[in-house]
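Just so you know, the sequences run in chain order A and B. Start counting the first sequence at 873; every next residue gets the next number (our numbering). Start counting the second sequence at 873; every next residue gets the next number (our numbering).
Number of protein chains: 2
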Amino acid sequence: MGRRSDHTRSELEALIVDEGRRQLAEVGLTRFSARDVAKRIGYSIGTLYNVFASYDGLMLAINARTLTLWSAHLRERLAARGEDRIAALVRGYFEFAVQNPRAWVAIYEHHMADGGPAPDWYQAIVGELIGVVAAEVAAVLPSLEPAAVLSLTRSLVATVHGHCIFALYRTFDMLGETAPVEAALARVREAIAAARGGPA
Amino acid sequence: MGRRSDHTRSELEALIVDEGRRQLAEVGLTRFSARDVAKRIGYSIGTLYNVFASYDGLMLAINARTLTLWSAHLRERLAARGEDRIAALVRGYFEFAVQNPRAWVAIYEHHMADGGPAPDWYQAIVGELIGVVAAEVAAVLPSLEPAAVLSLTRSLVATVHGHCIFALYRTFDMLGETAPVEAALARVREAIAAARGGPA
DNA sequence: AAGTTTTTTGAACACTGTTCAATTGGAGTC
DNA sequence: GACTCCAATTGAACAGTGTTCAAAAAACTT
């Protein structure tokens, strides 16, 4: 069936996502161009649009890949022997963002063209990442009921995220003080301590 | 001198920023178009580029306006009689973001074309906003030295910001639980309590 | 070899930010 | 009023974007 080379559809999909991630890492979300991705892998723009129906679809696939890599990174950090698993998570969060700044930012700064929410399959991948954190929060706070764990987890992720994004873009010039990572970790520790000693 | 109407240069500047903010509020940063702004105020695209040398320049002017309005909003909330000034700040932060979602997000999602930092005059305006918060942090923690106040302030702003952006984009689906505002306020209170009882 | 089906193409369209030679129209001078 | 002068204003032109889709190409089927 008219294949130009011996790429199956899913191989081609992976090829595009890989090259897309490479370009995203190089030029960032603003200058990212689907045309360029196609050109770089030696296919025409039309082929790319046959695989991913739209720019949103391509970007979603790229961000999904970044998210799974991020989850994997967190799990690795947790697997590395070390007592303080909460610290491992917070440091892992920052590490990945610092190592992949433009891809990481794209997760947050890409929005669907129609302004609507991301599709379910994508949100499931986000949920996986949250799940990794929630498991550790639950382990540290055994007396907390599941709903409260999820609620606190989201608040902690939000806290760390805020520090991380301010650190990457120095809009608020977080540099030149106790590293943002440590500030984030301090906030997380305080929140956990409060949850422990609070409504016990 | 060839004026088409009786707009002085700074009146024209304000006219563009106002219409730009209106369009930004309507369509968001992604679909924002300098051409459309020009068309809407009845000037050509060329005139707009004579006033603001680039898209970045226009966007910075728009964001600067948003920032000063935001600062004003916080000061108003602080001026409204009420004991808990920290809560007023946190609630004011969220209020403004929720009332001006697209303009607020643009502050964070616009980046200079060359990837560099924003010009000094712009950063000064950001500094003003931080200053409003820092003053309250200092008031609540009188024993803290100025450098520590600034450091803690940035951490607290980062914390609140993280909750706020997760609330606006429901990427992480913060809804359906204790409102994100209250979670953010809880984190801030814990941090302040820790700073009070910590290295005292 | 002929026919069928799937993949691939790239010109075409409507849009973007940006530039800059040409035009416009008010101010000053005679 | 006529005539410069010059800043303000214009908009076609350029290189780029995402998107579409009739046509071409390539592989599979009979």
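By construction, the Cβ of each residue, glycine as well, lies at the ideal position given by its N, Cα and C atoms.
Bounds of any alpha helix (DSSP H) do not take in Tyr1041(B), whose DSSP letter is neither H nor E. Straight through space, the alpha carbons of Tyr980(A) and Leu1013(B) are spaced by roughly 34 angstroms. In the structure shown, Met984(B) falls within a coil segment according to DSSP collapsed to helix, strand and coil. The Cβ of His1033(A) sits closer than 8 angstroms to at least one Cβ of chain B. The contact set of Phe1038(A) on chain B, defined by CB atoms closer than 8 angstroms, consists of Arg1026, Val1029, Ala1030 and His1033 in chain order. In the structure shown, the three-state DSSP call for Tyr915(B) is coil. The criterion of a C-beta distance shorter than 8 angstroms is not satisfied by Asp908(B) and Ala985(B).
Chain B places no beta carbon closer than 8 angstroms to that of Pro1018(A), leaving this residue out of the contacts. Short of 8 angstroms from the beta carbon of Arg957(A), and not among the five residues preceding or following it, lie these beta carbons of its own chain, in chain order: Leu950, Glu1008, Ala1011 and Val1012. Within chain B, the residues Pro989 have their CB atoms less than 9 angstroms from the CB of Arg1042(A), given in chain order.
For Glu1062(B), the chain A residues whose C-beta falls within less than 7 angstroms of its own C-beta are Glu1062, Ala1063 and Ala1066, listed in chain order. Taking 4 residues as the shortest admissible run, the stretch 935–1010 of chain B contains the following complete alpha helix (DSSP H) segments, listed from N- to C-terminal end: 957–971 and 973–981. In this structure Gln895(A) is buried. Its beta-carbon is surrounded by 16 or more other beta-carbon atoms within 10 angstroms. Contact of Thr902(A) with chain B is assigned, a C-beta pair being separated by under 8 angstroms. With respect to the C-alpha of Glu1062(B), the residue from Ala936(A), Ala975(A), Thr1031(A) and Asn922(A) having the closest C-alpha is Thr1031(A). Annotated as distal: Arg937(A) and Arg881(A), with beta-carbon spacing of 8 angstroms or more.
DSSP, read as helix, strand or coil, puts Ala1063(B) in helix.
The Cβ atoms of Ala1006(B) and Leu1022(B) lie closer than 8 angstroms to each other.
Interface annotation, Ala1055(B): in contact with chain A, CB-CB separation under 8 angstroms. At a cut-off of 8 angstroms, the C-beta of His983(B) has a neighbouring C-beta in chain A.
Shortest Cα-Cα distance from Asp890(A) to any of Ile934(A), Leu920(A) and Tyr921(A) involves Ile934(A). Taking a 10 Å sphere around the C-beta of Val962(A), we find 16 or more other C-beta atoms and assign the residue as buried. Judged by DSSP secondary structure, Ser882(B) falls within the alpha helix (DSSP H) whose first and last residues are Arg881 to Arg903. Glu1054(A) sits in a helix when the DSSP states are folded into three classes. Of the residues assessed, Pro1052(B) falls on the buried side of the cut-off, its CB having 16 or more other CB atoms within 10 angstroms.
With contacts defined by Cβ atoms closer than 8 angstroms, Ser943(B) and Glu1000(B) form a contacting pair.
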